[in-house]
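S.K.: Questions regarding the structure given below will be posed in turn.
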Ligand SMILES: Nc1nc2c(c(=O)[nH]1)N[C@H]1C(S)=C(S)[C@@H](COP(=O)(O)O)O[C@H]1N2
Ligand SMILES: [Mo]
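Numbering (full-length UniProt numbering), first residue to last: 1 to 253.
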């Protein structure tokens, strides 16, 4: 769905929250976490990796672990029965890029000790995390969706961000771009997802890999992610596709 950039901007966060409470979405009730399939211990050490990635697993350095643990409590998750299969609207600023999953390699680089290029096979050898969360778009709609994929945190353990890394840039195949604070990016509920509602990710929703997280508004959740770049600093006028038009950068929920 194409939509007007300036129309999009008119929804302030306060308007969104008014909408949320008026429509009874109950965003902050936090009472919906009952699906036991999602309960995997946070920051679980990995022990069943495919050979080439296994050797590189180490804890993250202390200063980055501290930043992550300052992050707030887990956001609400929902039971499978709460999924709204038709509520997630396609919201793409441009045409849908087509990426061949067989030749695709995710680039992870920047302020890291072990820059990597990972195939979908490499990525799918990491623990599959599943979560049912509410996706919220500032245009005034939301949808409860199940996402399955890998934690950014687990990918970070492979590449080992340097102590000074503070932000993560996500580049997409449609030239969309986003920057996140590292604590939010490495939050245990931030995934690079390759499944939606238990099925392989549809192309229009961001296949082969898109961000999914209950702690950020929809525009932070890049689809068709091709590069994850750790960095020490943000670049002004390169904060994010919508942020550079005036949207709030942090966009936390
Ligand atoms: N690459 C890319 N990612 C994107 C967008 C986009 O236009 N391009 N739109 C964002 C917005 S505003 C929203 S609400 C969600 C929508 O995800 P969906 O199309 O899977 O519902 O994707 C986000 N990620
Ligand atoms: Mo959005």
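Here a beta-carbon is modelled for each residue, glycine too, at the ideal position from N, C-alpha and C.
Since we're looking at a predicted model, the values are computed, not measured.
Check the DSSP bridge columns for residue 168 and list the partner residues they point to.
M.R.: Taking the first residue of the chain shown as 1, we reach residue 168 at position 168. The partner list for residue 168 (beta bridge, DSSP) reads 180 and 230.
S.K.: Could you give the distance in angstroms between the alpha-carbon of residue 258 and the alpha-carbon of residue 210?
M.R.: It is not possible to answer for residue 258, since the shown part of the chain is limited to 1 through 253.
S.K.: What residue from 148, 76 and 222 has the CA that sits closest to residue 242's CA?
M.R.: Taking the chain shown and counting its residues from 1, the one referred to as residue 242 is at position 242. Among 148, 76 and 222, the Cα nearest to that of residue 242 belongs to 222.
S.K.: Output the distance between the C-alpha atoms of residue 165 and residue 152, rounded to the nearest integer angstrom.
M.R.: By 1-based counting over the chain shown, the position of residue 165 is 165. By 1-based counting over the chain shown, the position of residue 152 is 152. Each residue's alpha carbon lies about 14 Å from the other.
S.K.: Indicate whether residue 181 and residue 167 have their beta-carbon atoms separated by less than 8 Å.
M.R.: Mapped onto the chain shown, residue 181 falls at position 181. Mapped onto the chain shown, residue 167 falls at position 167. Yes, these two residues count as a Cβ contact at 8 Å.
S.K.: If you draw a straight line from the alpha carbon of residue 35 to that of residue 224, how long is it in whole angstroms?
M.R.: Taking the chain shown and counting its residues from 1, the one referred to as residue 35 is at position 35. Taking the chain shown and counting its residues from 1, the one referred to as residue 224 is at position 224. Confidence at residue 35 is low in this model, with a pLDDT of 35, below 50, so the placement of that residue is unreliable and no value is reported for it.
S.K.: Give every residue of the same chain whose Cβ lies closer than 8 Å to the Cβ of residue 174, excluding the five residues on either side of it in the sequence, and list them in chain order.
M.R.: Translated into the one-based positions of the chain shown, residue 174 becomes position 174. Within the same chain, residue 174 has close Cβ partners 92, 93, 94, 95, 96, 97, 223 and 224.
S.K.: Do you know offhand how far residue 132's Cα is from residue 147's?
M.R.: Translated into positions along the chain shown, residue 132 becomes position 132. Translated into positions along the chain shown, residue 147 becomes position 147. Rounded to whole angstroms, residue 132 to residue 147 spans 6 Å at the Cα level.
S.K.: With H, G and I counted as helix, E and B as strand and the rest as coil, what does DSSP make of residue 120?
M.R.: The sequence position of residue 120 within the chain shown is 120, counting from 1. Helix, per DSSP.
S.K.: Per the contact definition of three or more C-beta pairs closer than 8 Å, is the segment 109-119 in contact with the segment 177-196?
M.R.: Output reads no: the segment 109-119 does not touch the segment 177-196.
S.K.: Does the beta carbon of residue 139 fall short of 7 Å from some heavy atom of ligand 2?
M.R.: Numbered from its first residue, the chain shown carries residue 139 at position 139. Within the cutoff, so yes.
S.K.: Considering only DSSP beta bridges, list what residue 135 is partnered with.
M.R.: As a first step, residue 135 is located in the chain shown; it is residue number 135 there, counting from the start. Per DSSP, 143.
S.K.: Can you tell me whether DSSP reads residue 241 as helix, strand or coil?
M.R.: Residue numbering aside, residue 241 sits at position 241 when the chain shown is read from its first letter. Coil at residue 241, not helix or strand.
S.K.: For residue 122, count the other beta carbons within 10 Å of its own beta carbon; 16 or more makes it buried, fewer makes it exposed. Which is it?
M.R.: If you number the chain shown from 1, residue 122 lands on position 122. The residue in question, residue 122, is buried, as its Cβ has 16 or more Cβ neighbours within 10 Å.
S.K.: For residue 87, count neighbouring Cβ atoms within 10 angstroms of its own Cβ and tell me buried if that reaches 16, exposed if not.
M.R.: By 1-based counting over the chain shown, the position of residue 87 is 87. Flag for residue 87 reads exposed.
S.K.: Looking only at its chain, what residues have a beta carbon closer than 6 Å to the beta carbon of residue 134, apart from the 5 residues adjacent to it on each side?
M.R.: Within the chain shown, numbered from 1, the residue matching residue 134 stands at position 134. Hits under 6 Å: 142 and 144.
S.K.: Quick check: the segment 99-107 against the segment 156-163, are at least 3 beta-carbon pairs closer than 8 Å?
M.R.: Result no; under three Cβ-Cβ pairs closer than 8 Å.
S.K.: For residue 157, does the three-state DSSP call read helix, strand or coil?
M.R.: Sequence index remark: in the chain shown, residue 157 carries index 157 (1-based). Three-state DSSP puts residue 157 in a helix.
S.K.: Quick check on this structure: which residue in 139, 193, 232 and 130 has the alpha carbon closest to the alpha carbon of residue 79?
M.R.: On the chain shown, residue 79 is found 79 positions in, with the first residue counted as 1. Residue 79 has its Cα closest to that of 130, out of 139, 193, 232 and 130.
S.K.: DSSP state of residue 218, grouped into three classes?
M.R.: For the purposes of this step, residue 218 is taken as the residue at position 218 of the chain shown. In this structure, residue 218 counts as helix in the three-state DSSP scheme.
S.K.: Measuring CB to CB, does residue 116 end up less than 8 Å from residue 208?
M.R.: What you label residue 116 is simply residue 116 of the chain shown in a count that begins at 1. What you label residue 208 is simply residue 208 of the chain shown in a count that begins at 1. Result no, Cβ atoms of residue 116 and residue 208 do not sit closer than 8 Å.
S.K.: Hey, how far is the Cα of residue 240 from the Cα of residue 185?
M.R.: As a working note, residue 240 is residue 240 in the chain shown. As a working note, residue 185 is residue 185 in the chain shown. Each residue's Cα considered, the two are about 14 Å apart.
S.K.: For the alpha helix (DSSP H) that residue 68 lies in, which residues bound it at each end?
M.R.: In the chain shown, residue 68 corresponds to position 68, counting from 1. Taken as a continuous stretch (DSSP letters only), the alpha helix (DSSP H) holding residue 68 covers 62-69.
S.K.: Across which residues does DSSP place residue 225 in a beta bridge pair?
M.R.: Taking the first residue of the chain shown as position 1, residue 225 is located at position 225. DSSP output for residue 225 lists 172 as bridge partner(s).
S.K.: Could you compute how far the alpha carbon of residue 193 sits from the alpha carbon of residue 202?
M.R.: Taking the first residue of the chain shown as position 1, residue 193 is located at position 193. Taking the first residue of the chain shown as position 1, residue 202 is located at position 202. Between residue 193 and residue 202, the C-alpha separation is close to 11 Å.
S.K.: Alpha carbon to alpha carbon, how far is residue 244 from residue 188?
M.R.: What you label residue 244 is simply residue 244 of the chain shown in a count that begins at 1. What you label residue 188 is simply residue 188 of the chain shown in a count that begins at 1. Each residue's alpha carbon lies about 27 Å from the other.
S.K.: Pick from 253, 198, 228 and 196: whose alpha carbon is nearest that of residue 161?
M.R.: Looking up residue 161 in the chain shown gives position 161. When each option's Cα is compared against that of residue 161, the closest is 228.
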